[in-house]
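Data block below; observations after.
Dropping the structure here:
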C-alpha cells in the first residue's frame, strides 16, 4: 500500500497566496458606464472611447505592490458637467419628454462621452444633468458654441423655472 504525502490542511497550515496582477500595459475595452445600457432605447457608447478593463484608482497602481501605475492620459482631461435644473411645477413630465428628444443633440456632439438626467425624489421639479466630456473645451467649443446648444435650449428651456446652474468637475487623484 502506497503512502500519501502529508499535506497541511488544518488551521495552522500555510494558506496559498493569491497571485497579484501587475499592470505594465493595461488592457483596454470600449468605455461603457454602468448606466449606459440600463435604460431601454439608450444608444451604445461611441467607438473609440476607451477605459481600462482592470479597475484602479487614478494616479495609483492597480495593486499596492505593483511597480507601475496605469497612464493617466485617458482620464486626465475628462470632466463631468453637472447641471442643476429646476423646472416649473406641473411641467415635469413635459420637460422629461423634451429631454428625451433633445438628448441626442448632446450624445452626437464630438467629445461627449455619456449623458444622464436624474430627477429629485424629495424635489420632483428638480433635475440633475450629468454629462461626461473629454474636456471643458470639448463642451464649450463643440456644444455651447454650436447650433446644437440653441436647439437644446429651444427644446428644454421653456420648462426652466430659473436658469440652470452648471459647473464642471474632475475626479480626485
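Residue numbers (my numbering): 31 to 203.
Here a beta-carbon is modelled for each residue, glycine too, at the ideal position from N, C-alpha and C.
Bridge partner(s) assigned by DSSP for residue i
{"i": "residue 163", "result": "109, 142"}
{"i": "residue 195", "result": "114"}
{"i": "residue 151", "result": "Residue 151 pairs with nothing; no bridge assigned."}
{"i": "residue 190", "result": "117"}
{"i": "residue 157", "result": "115, 149"}
Span separating the alpha-carbon of residue i from that of residue j
{"i": "residue 117", "j": "residue 203", "result": "35 Å"}
{"i": "residue 112", "j": "residue 136", "result": "14 Å"}
{"i": "residue 174", "j": "residue 126", "result": "21 Å"}
{"i": "residue 190", "j": "residue 151", "result": "18 Å"}
{"i": "residue 142", "j": "residue 161", "result": "7 Å"}
{"i": "residue 192", "j": "residue 139", "result": "25 Å"}
{"i": "residue 56", "j": "residue 172", "result": "At residue 56, the pLDDT of 40 sits below 50, so the modelled position is not reliable; the number obtained from the coordinates is stated separately. Whole-angstrom Cα-Cα distance: 30 Å."}
{"i": "residue 163", "j": "residue 124", "result": "27 Å"}
{"i": "residue 119", "j": "residue 194", "result": "15 Å"}
{"i": "residue 159", "j": "residue 134", "result": "14 Å"}
{"i": "residue 201", "j": "residue 185", "result": "31 Å"}
{"i": "residue 176", "j": "residue 157", "result": "24 Å"}
{"i": "residue 187", "j": "residue 108", "result": "26 Å"}
Cβ-Cβ separation, residue j to residue i (assumed contact under 8 Å), whole Å
{"i": "residue 114", "j": "residue 198", "result": "Actually they are not in contact, since the Cβ atoms of residue 114 and residue 198 sit about 13 Å apart, beyond 8 Å."}
{"i": "residue 155", "j": "residue 122", "result": "6 Å"}
Subject >> Any 3 or more C-beta pairs closer than 8 Å across the segment 164-175 and the segment 116-132 >> reply: no
**OP:** Say whether the segment 181-188 touches the segment 139-153, bearing in mind that this needs 3 or more beta-carbon pairs closer than 8 Å, one atom from each stretch.
**Re:** no
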